[in-house]
Amino acid sequence: MMVNPKILKFLIIVSLSISYAGYCQGTLEDYQRAEAIDTLFRNKVFNNPSEFHWLNDKEFWYRNNSETGTQYILVNAESKTKKAFFDHSLMAGNLSAALQKKINEKEMDLSEFKIEENQLIFQNDSLKFKMDLQSKKVLVTDTIKRERRSREYWGRRNREDEGKPVLSPDGRYEAFIKNANVYIKQLDSEEEFQLSYDGNEGFFYSPNMLWSPDSKKLMAYKVRPGKEHKIYFVESSPEDQLQPKLQSRDYLKPGDEMDFRSPQLFKVSEKKHLPVATDLFLSQFGLYNFKWEEDNSAFTFEFNQRGHQVYRIIKVDAENGNATAIIDESSPTFIDYSGKKFRHDVPGKNEIIWASERDGYNHLYLYNSQTGKVKNQITSGEWPVREVIAVDDENRKIYFTASGMDEDQDPYLLHYCSIDFDGRNFTRLTSENGNHQVSFSPDKTYYIDQFSRVDLAPEAVLKKTKSQKIVMELEKASIKALENTGWKMPEVFTTAGRDGETDIWGIIVRPTNFDPNKKYPVIEYIYAGPHSSFVPKSFHSNFWAMSSLAELGFIVVQIDGMGTSNRSKAFHDVCWQNLKDAGFPDRKIWIKEAAKKYPYMDAERVGIRGTSAGGQSAGGALVFNSDFYDVAVASCGCHDNRMDKIWWNEQWMGYPVGPQYAASSNVEHADQLQGNLMLIVGEVDDNVDPASTMQFADALIKAGKDFELVVLPGENHTSGGEFGERKRRDFFVKHLLHVDPPSWDQIYKD
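Residues in the sequence shown are numbered consecutively from 6, following my numbering.
Listed below in structure tokens is the structure:
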């Protein structure tokens with residue numbers, strides 16, 4: 006007789022619930038420990054400087070958190086000496102005298118040190134000081150005025166119809182806009198004359214104009230405005246009044262009409278307008294980075310085609326206005342312009358350093374900017390360039406980070422390298438099995454290399470750039486005090502993904518009272534946004550979204566599946582027009598394989614939580630993957646990519662808006678949802694339109710689905726804050742551990 010799989014799963018859960026009852030997970034004690042975990046783990050890792058500061062080419066200082074208190078250390082790389090930056094006791098005494106209050110030498114919080122004319126200049130959080138290096142006397146020199154910045158809305162559109170006159174480099178002219186057209190004022194005579202005559206209210210000239218270096222030519226562009234799109238929400242409980250407030254934001258969504266810009270060239274002294282043909286930049290997502298050549302021969306700009314499958318650098322000849330594409334990047338899927346684009350114009354050399362994934366990995370190329378031809382590929386190999394740190398034009402050398410170069414290391418670990426413009430003299434500056442952070446001396450003769458992994462305590466050493474040899478060891482972190490709290494080292498786990506070959510990496514976090522004889526439900530913390538990779542790679546004592554949740558009686562994991570960035574282009578392309586995938590085929594295999602290795606991981610009771618793009622994925626876990634996931638908490642998710650911001654969603658889902666958007670929509674497929682779902686949303690979220698969550702809720706109601714909805718008054722883009730965290734904990738305890746959570750009055754009492 007066939008048994009309904011859902012009934013079978015229910016019977017198994019009931020049976021397991023009875024079996025596990027004696028293990029008492031999700032208790033009041035577990036909650037209290039989860040609540041205290043951040044404080045318990047805080048300040049338990051010693052000799053782990055957060056940053057280093059070079060004073061000159063051979064000296065640097067850093068603040069060390071030793072077990073006995075704060076130390077300020079001065080290092081001379083040339084003499085290989087390390088000593089106290091100053092007499093801590095004397096400094097504390099002199100600061101006490103200057104401030105007329107007791108300063109503890111072990112708790113001094115000082116920064117911004119520099120040495121000028123026998124004076125040590127520094128500051129704390131509110132005052133600036135100087136100390137005479139001979140007399141050691143400390144004086145207060147100024148207060149630190151910190152302007153309170155109001156929160157600026159990320160999506161605010163630039164006003165192309167507003168702007169100040171633009172002064173020519175020689176100071177003789179001003180270019181300005183009047184009656185939608187370009188005018189010039191000759192400053193010595195105050196004479197004005199009109200340069201353009203084709204501007205009008207619907208297709209006007211922008212004041213964002215650019216003079217040639219010799220002040221003889223002007224680049225200006227006309228703008229045909231796209232469609233305005235606003236989102237609206239009601240702030241129910243404003244602090245300054247009783248009645249609610251209606252709020253609105255500019256907020257373009259996928260498919261909306263965008264501004265069209267048409268660059269134009271003017272020869273000012275001749276009062277001549279040279280129109281520029283738009284054939285090479287017709288379907289615009291955006292035009293960026295207008296700049297003149299140093300020799301006045303041309304100006305260039307970048308064209309990002311709508312749909313992000315073409316990206317060009319276009320050059321406009323200053324004599325005739327002819328436009329040519331000197332770099333023409335294309336892809337059958339997407340160009341990751343928002344995460345991997347790099348351009349560097351080499352001064353005086355007619356060369357451009359450019360990043361491209363054309364060979365399957367993100368690499369650097371050297372272009373001839375006159376001919377548009379590739380002179381040579383600079384970097385190559387089955388690994389990606391992650392970031393260009395510096396370009397040394399004089400020595401024709403590039404410093405950059407990369408990952409995935411070592412078969413025996415996690416392919417996401419950052420390493421530092423250098424290479425010449427011609428692709429020669431590739432040098433690994435770091436090789437230790439860790440995630441590296443490097444700080445170079447100003448002349449690049451030395452560098453500080455600090456590295457760690459989630460399962461390796463931090464270490465910092467000083468190296469010489471030429472040899473990559475260690476000059477001196479600086480600090481090696483001590484985690485004994487952390488381990489004494491019961492802290493458990495996270496574990497890095499990897500297994501093959503959906504194709505049976507590609508390695509998928511993640512981490513496992515266990516509670517401090519971990520008992521291998523218990524059975525633990527698994528909760529995945531998900532963020533699968535294609536714009537990066539997200540599993541932590543450096544050492545931390547506490548992983549905010551994971552550690553406290555584990556204390557309630559769970560194993561918590563985080564995984565980077567296919568469709569995320571920082572691997573090969575093929576690995577990344579899985580997300581293309583397919584955000585519902587979110588790497589789930591790889592994630593499910595990873596959790597099952599981890600459970601095979603560790604039988605205390607219960608792959609039959611799996612929860613998932615995520616925020617923003619992770620909120621969409623958490624919801625999608627129960628809509629598209631309820632064969633595996635049982636419980637989900639989705640915070641401020643974009644549950645239909647047609648409802649979210651234009652740039653992020655068209656980058657991965659493409660343009661025009663087609664059936665692929667509906668195919669990935671949690672809203673469209675809400676009737677498929679199985680399992681226990683909680684939705685959390687802030688009522689004034691201007692990052693992801695809160696209507697997206699409400700539309701998902703509406704579709705679930707119409708489909709007769711049970712779920713919980715938590716709306717947070719006055720909150721913006723959020724995982725839920727303190728209230729949401731409490732609700733999330735209780736939801737997982739109730740539906741994965743199958744016990745009733747203790748009352749909040751017991752857990753969170755003062």
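Where a beta carbon is used, it is the ideal one built from N, C-alpha and C, also for glycine. Keep in mind that this is a model prediction, so the values were computed, not measured.
Is there contact between the stretch 580-588 and the stretch 67-75, where contact requires at least three CB pairs shorter than 8 Å? no
Backbone CA spacing between R572 and Q582 [nearest angstrom]: Taking the first residue of the sequence shown as position 1, residue 572 is located at position 567. Taking the first residue of the sequence shown as position 1, residue 582 is located at position 577. If I take the Cα positions, the gap works out to 19 Å.
Starting from Y525, trace the beta strand (DSSP E) both ways and give me its first and last residue. Here residue 525 corresponds to residue number 520 of the sequence shown, with the count starting at 1. Residues 525-530.
By Cβ distance below 6 Å, which residues in the same chain neighbour I182 in space, the five residues on each side in sequence not counted? Position 177 of the sequence shown holds residue 182. Y210, P212.
Here's a check: name, in chain order, each residue in its chain whose Cβ is nearer than 7 Å to the Cβ of F238, leaving out the five neighbours to either side. What you label residue 238 is simply residue 233 of the sequence shown in a count that begins at 1. Hits under 7 Å: Q252, E688, V689, P695.
With a threshold of 7 Å, establish whether the CB of D711 neighbours any heavy atom of the ligand FMN. The ligand FMN is absent from the structure shown, which contains no ligand whatsoever.
Indicate the three-state DSSP secondary structure (helix, strand or coil) for R647 in the structure shown. Reading the sequence shown from its first residue, position 642 is the one you call residue 647. It is helical.
In the DSSP assignment, find the unbroken beta strand (DSSP E) run with Y316 in it and report its ends. Within the sequence shown, the letter at position 311 stands for residue 316. Here the beta strand (DSSP E) through Y316 covers 315-322.
Quick check on DSSP: helix, strand or coil for P218? On the sequence shown, position 213 is the one that residue 218 refers to. Note: P218 maps to coil in three-state DSSP.
Which residue comes first and which comes last in the alpha helix (DSSP H) that contains W297? Residue numbering aside, residue 297 sits at position 292 when the sequence shown is read from its first letter. Note, W297: premise wrong, no alpha helix (DSSP H); beta strand (DSSP E) at 289-297.
Whole-number beta carbon distance between L285 and A323, since they are thought to touch under 8 Å: The residue given as residue 323 occupies position 318 in the sequence shown. The residue given as residue 285 occupies position 280 in the sequence shown. About 17 Å; that fails the 8 Å criterion.
At which residues does the alpha helix (DSSP H) containing E72 begin and terminate? Against the sequence shown, residue 72 aligns to sequence position 67. Run containing E72: none; DSSP gives neither H nor E here.
Top-ranked residue by Cα proximity to I752, from E40, L132, K485: Reading the sequence shown from its first residue, position 747 is the one you call residue 752. Comparing Cα positions, the closest option is E40.
Pull up the distance between the alpha-carbon of S724 and that of E152, whole angstroms please. As a working note, residue 724 is residue 719 in the sequence shown. As a working note, residue 152 is residue 147 in the sequence shown. If I take the Cα positions, the gap works out to 28 Å.
Tell me whether the beta-carbon of P535 lies closer than 8 Å to the beta-carbon of G568. Residue numbering aside, residue 535 sits at position 530 when the sequence shown is read from its first letter. Residue numbering aside, residue 568 sits at position 563 when the sequence shown is read from its first letter. Taking 8 Å as the Cβ cut-off, P535 and G568 qualify as a contacting pair.
Hey, out of S274, M606, G502, whose CA is closest to E529's CA? Within the sequence shown, residue 529 is the residue found at index 524, counting from 1. Of S274, M606, G502, the residue nearest in Cα terms is M606.
Alpha carbon to alpha carbon, how far is D649 from T32? Give it in angstroms, no decimals. In the sequence shown, the residue the question calls residue 32 occupies position 27. In the sequence shown, the residue the question calls residue 649 occupies position 644. Approximately 39 Å between the Cα atoms of the pair.
Measure the beta-carbon distance from V459 to I531 and round it to whole angstroms, keeping in mind my assumption that it falls under 8 Å. In the sequence shown, counting from the first residue as 1, residue 459 sits at position 454. In the sequence shown, counting from the first residue as 1, residue 531 sits at position 526. V459 to I531, Cβ: 17 Å. No contact.
Would you say the stretch 634-648 touches the stretch 550-557, given that touching needs at least three Cβ pairs under 8 Å? no
Is DSSP giving L21 helix, strand or coil here? For the purposes of this step, residue 21 is identified with residue 16 of the sequence shown, where counting begins at 1. For L21, the pLDDT reaches just 42, beneath the cut-off of 50, and the residue's location in the model is therefore unreliable, although a value from the coordinates is still provided. Looking at L21 - three-state DSSP - the assignment turns out to be helix.
In chain order, what residues of the same chain have a beta carbon less than 7 Å from the beta carbon of D35, not counting five sequence neighbours either side? Stepping through the sequence shown from its first residue, residue 35 is reached at position 30. Cβ neighbours of D35 beyond the five flanking positions: E556, L557, G558.
CB-CB length for S5 against K227, believed under 8 Å: Absent from the structure is residue 5, since the part of the chain shown begins at 6 and ends at 755.
Taking the straight line between their C-alpha atoms, what separation do you get for G619 and Q656? As a first step, residue 619 is located in the sequence shown; it is residue number 614 there, counting from the start. As a first step, residue 656 is located in the sequence shown; it is residue number 651 there, counting from the start. If you take the alpha carbons of G619 and Q656, they lie about 17 Å apart.
Since M52 and K481 should fall inside the 8 Å C-beta cutoff, what is the C-beta to C-beta distance between them, to a whole number of angstroms? By 1-based counting over the sequence shown, the position of residue 52 is 47. By 1-based counting over the sequence shown, the position of residue 481 is 476. According to the sequence as given, residue 52 is Asn; it is not Met. At roughly 6 Å, the Cβ-Cβ gap stays under 8 Å, so N52 and K481 are in contact.
Where W59 sits in the DSSP three-state scheme: Reading the sequence shown from its first residue, position 54 is the one you call residue 59. Strand, per DSSP.
In the DSSP assignment, what residue or residues form a beta bridge with C641? Here residue 641 refers to the residue found at position 636 of the sequence shown. Beta-bridge pairing links C641 to no other residue.
Using the three-state DSSP reduction, which class does R348 fall into: helix, strand or coil? As a working note, residue 348 is residue 343 in the sequence shown. R348 falls in the strand class under three-state DSSP.
Do you know offhand how far M658's Cα is from F701's? Counting from one through the sequence shown, the residue named residue 658 turns up at place 653. Counting from one through the sequence shown, the residue named residue 701 turns up at place 696. If I take the Cα positions, the gap works out to 19 Å.
Rounded separation between D759 and N70 - CA only: Residue numbering for the chain in the displayed model covers 6 to 755; residue 759 lies beyond these limits and cannot be assessed.
Is P174 buried or exposed, if buried means 16 or more other CB atoms sit within 10 Å of its CB? As a working note, residue 174 is residue 169 in the sequence shown. With fewer than 16 other Cβ atoms within 10 Å, it is exposed.
Per the DSSP calculation, W510 is bridged to which residue(s)? In the sequence shown, residue 510 corresponds to position 505, counting from 1. DSSP output for W510 lists T499, D565 as bridge partner(s).
How about the stretch 515-530 and the stretch 83-94: do they share at least three Cβ pairs that are nearer than 8 Å? no
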